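Working notes for the structure below.
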Amino acid sequence: MHQIGVLNQTYSEEEIEELSTKFLGGLDCKILRLDIKNLTQELSDIDVVFMLSDSSTFSMSTTCSTIIKIREITNAYIVIYQKETDMVNRLVYLQLGANLNIGEESQAKEVQLIIQNEMKYRADKSSGLIEFERRTPTFYKDSPMDNRLEPISELERKVNLTRIEYKLLSLLQSDIGKPFTHQEIYQSIWKKAYNDQKPRVANVVFRLREKLDRNGYPADKYIQTAHGIGYKMHLD
Numbered sequence: 001m002h003q004i005g006v007l008n009q010t011y012s013e014e015e016i017e018e019l020s021t022k023f024l025g026g027l028d029c030k031i032l033r034l035d036i037k038n039l040t041q042e043l044s045d046i047d048v049v050f051m052l053s054d055s056s057t058f059s060m061s062t063t064c065s066t067i068i069k070i071r072e073i074t075n076a077y078i079v080i081y082q083k084e085t086d087m088v089n090r091l092v093y094l095q096l097g098a099n100l101n102i103g104e105e106s107q108a109k110e111v112q113l114i115i116q117n118e119m120k121y122r123a124d125k126s127s128g129l130i131e132f133e134r135r136t137p138t139f140y141k142d143s144p145m146d147n148r149l150e151p152i153s154e155l156e157r158k159v160n161l162t163r164i165e166y167k168l169l170s171l172l173q174s175d176i177g178k179p180f181t182h183q184e185i186y187q188s189i190w191k192k193a194y195n196d197q198k199p200r201v202a203n204v205v206f207r208l209r210e211k212l213d214r215n216g217y218p219a220d221k222y223i224q225t226a227h228g229i230g231y232k233m234h235l236d
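According to the UniProt record's numbering, the stretch in the sequence shown is residues 1 to 236, in order.
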């Protein structure tokens, strides 16, 4: 059974129950409460994170940092609820890795169908995954000068990567199993001085994982988070 984790910031118990029932009640899944202080352990089996936020500056900051933290741990589907939706906040959350923004005006049935379809898609994809050989993926650099996509091929399947995503994957592949720090990744990709740009690095990792996942690669298995350090590639 799929599991949905509810992550609360400022809502009362009554409001949490009401919103969970409204937007998640019609889904065939197990609903759990998440503790923001213990996400690393609690997110391991979570398919969807339902985060309750508000429009205050403090809440926005907390939501942003939480999205980044979630993306460092898992590729779970992230739904952000804001009673009063703010366009700027919505865009920022999506850029950081959230998948869906909803508000008081959102139709419960529509939200449930979106979540249901996403869970079905992920389940179907997982059941059809190809068993990987324990070898390094083969990269192809010979692409037209005006083509901004670098294809990567593995088991005769290709995934189009942006140059930034390609640089990230190449770096991780250069030393299998070695954890690369956020600073090492940032400087390798952008060739600039590092100034605590973890969100930018996390966003690229999230996009790469999502793109590989959508093409049948278990990205969370091969591109792993090295907690407190950064990221590494694992092929066992």
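Even for Gly, the Cβ is constructed at its ideal location relative to N, Cα and C. All of these numbers come straight from a predicted model, not from anything done at the bench.
Beta-carbon spacing of residue i, residue j below 8 angstroms
i    : j    : result
M1   : K30  : yes
T85  : G103 : yes
G5   : L34  : yes
R209 : D220 : yes
V48  : L7   : no
I80  : T63  : yes
Q82  : D45  : no
L169 : L161 : yes
T10  : S65  : no
The beta strand (DSSP E) enclosing residue i, as first and last residue numbers
i    : result
N101 : L100 to G103
N89  : First-last for N89: M87 to L96, but that is the alpha helix (DSSP H), not the beta strand (DSSP E).
A226 : I223 to A226
S53  : V48 to S53
Q82  : Y77 to Q82
With 16 other Cβ atoms within 10 Å as the buried cut-off, status of residue i
i    : result
E150 : Its pLDDT being 44, under 50, E150 is placed unreliably by the model, and the measurement read from it follows with that caveat. By the neighbour-count rule (16 or more Cβ atoms within 10 Å), E150 is buried.
Y222 : buried
S61  : exposed
M87  : exposed
K141 : Confidence is the limiting factor: at K141 the pLDDT is only 42, short of 50, which leaves the residue's position unreliable and the question unanswerable from this model.
E110 : exposed
I176 : exposed
T40  : exposed
Q95  : exposed
I115 : buried
E72  : buried
Element boundaries [alpha helix (DSSP H), containing residue i]
i    : result
Y186 : H182 to W190
K22  : E13 to L24
I36  : Element bounds for I36: n/a, residue is neither H nor E.
Secondary structure of residue i, DSSP reduced to three states
i    : result
M119 : helix
Q41  : helix
N203 : helix
Nearest-angstrom Cβ-Cβ length linking residue i and residue j, presumed shorter than 8 angstroms
i    : j    : result
Q173 : Y186 : Q173 to Y186, Cβ: 17 angstroms. No contact.
I68  : A202 : 5 angstroms
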